[in-house]
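In my numbering, the protein residues as written are 3 to 267. Note sheet for the following structure.
Written as structure tokens, this is what we have:
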């Protein structure tokens, strides 16, 4: 199978603009050396480097499947950055995030998706729900949709709460074959009537080569932990094995999602 490569640029953060005080990760809008604004996710935040890994994998999978996600870039933070920041909490965050972080292109003027106001095409809703079941994304609920409407299109953001199996490496293959019970709280559940069609379609798009190429992009610095003897390469292999097993077992989470939808319609 031919090797596949993803192009993820690296930018340098030049100016901290404003914090986004939502949730516990404290991302921020910042300007980079390419002149664009980004929403930066910091590795020193409470959710740590694993949230960045989930963000990277989830975002690139979404793009591969034809869903709209703001451009994903690696964001380099210099050690001197933020020394003049008056807020001690933010200053500590920036100090602990020196090096490589992650950022999404800032969609200026975008509004938060509200299911009570904006309907969603059934095929699109099914695609988004399939992705969230696949990566075990618990954070796409009516309370926190993590979707934006920009230029009259639906954009996905914030996949940092996905892939929670990586908090318990030992049982990753067992977790790959589990249903996704949290789908019952998904904000698009009532619209997602074409899950079986999407499952068949996405099996023609995703393959081992794509999964390997995405996982290979995880920076080694994000995989290194003081309390672990596993090398970054071993951990990349675990992510790849999980995703491949999850794809092979997609019928399990599709069945759970269809059942959850029947309970509300």
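By construction, the Cβ of each residue, glycine as well, lies at the ideal position given by its N, Cα and C atoms. What you are looking at is a predicted structure, and each value in this text was computed from that prediction instead of being measured.
Close-in-space but distant-in-sequence residues of the same chain around residue i (CB under 8 Å, 5 per side omitted)
i           : result
residue 78  : 12, 13, 14, 15, 101, 102, 103
residue 19  : 30, 31, 32, 33, 39
residue 213 : 242, 245, 246, 249
residue 192 : 263, 266, 267
Contact check, residue i vs residue j, beta carbons under 9 Å
i           : j           : result
residue 183 : residue 247 : no
residue 137 : residue 60  : yes
residue 169 : residue 241 : no
residue 259 : residue 189 : no
residue 115 : residue 156 : yes
residue 95  : residue 47  : yes
residue 125 : residue 200 : yes
residue 163 : residue 141 : yes
Contact set for residue i: own chain, Cβ-Cβ below 7 Å, skip 5 residues either direction
i           : result
residue 10  : 74, 75, 76, 219
residue 237 : 225
Rounded C-alpha distance that separates residue i from residue j
i           : j           : result
residue 117 : residue 144 : 7 Å
residue 110 : residue 158 : 15 Å
residue 151 : residue 127 : 14 Å
residue 98  : residue 84  : 11 Å
residue 206 : residue 139 : 22 Å
residue 173 : residue 53  : 19 Å
When the options are compared against residue i, the one with the closest alpha-carbon
i           : options            : result
residue 234 : 42, 20, 51         : 51
residue 196 : 123, 249, 213      : 123
residue 181 : 141, 261, 106, 146 : 261
residue 231 : 254, 264, 171      : 171
residue 35  : 80, 28, 163        : 80
residue 161 : 23, 147, 153, 252  : 147
residue 215 : 239, 204, 86       : 239
Cβ-based neighbour list, residue i, same chain, cut-off 6 Å, excluding 5 preceding and 5 following
i           : result
residue 90  : none
residue 194 : 127, 128, 131
Strand pairing of residue i, partner residues [DSSP]
i           : result
residue 32  : 18, 40
residue 117 : DSSP lists no partner for residue 117.
residue 152 : 155
residue 68  : Note: residue 68 sits in no beta bridge, so no partner.
residue 76  : 12, 104
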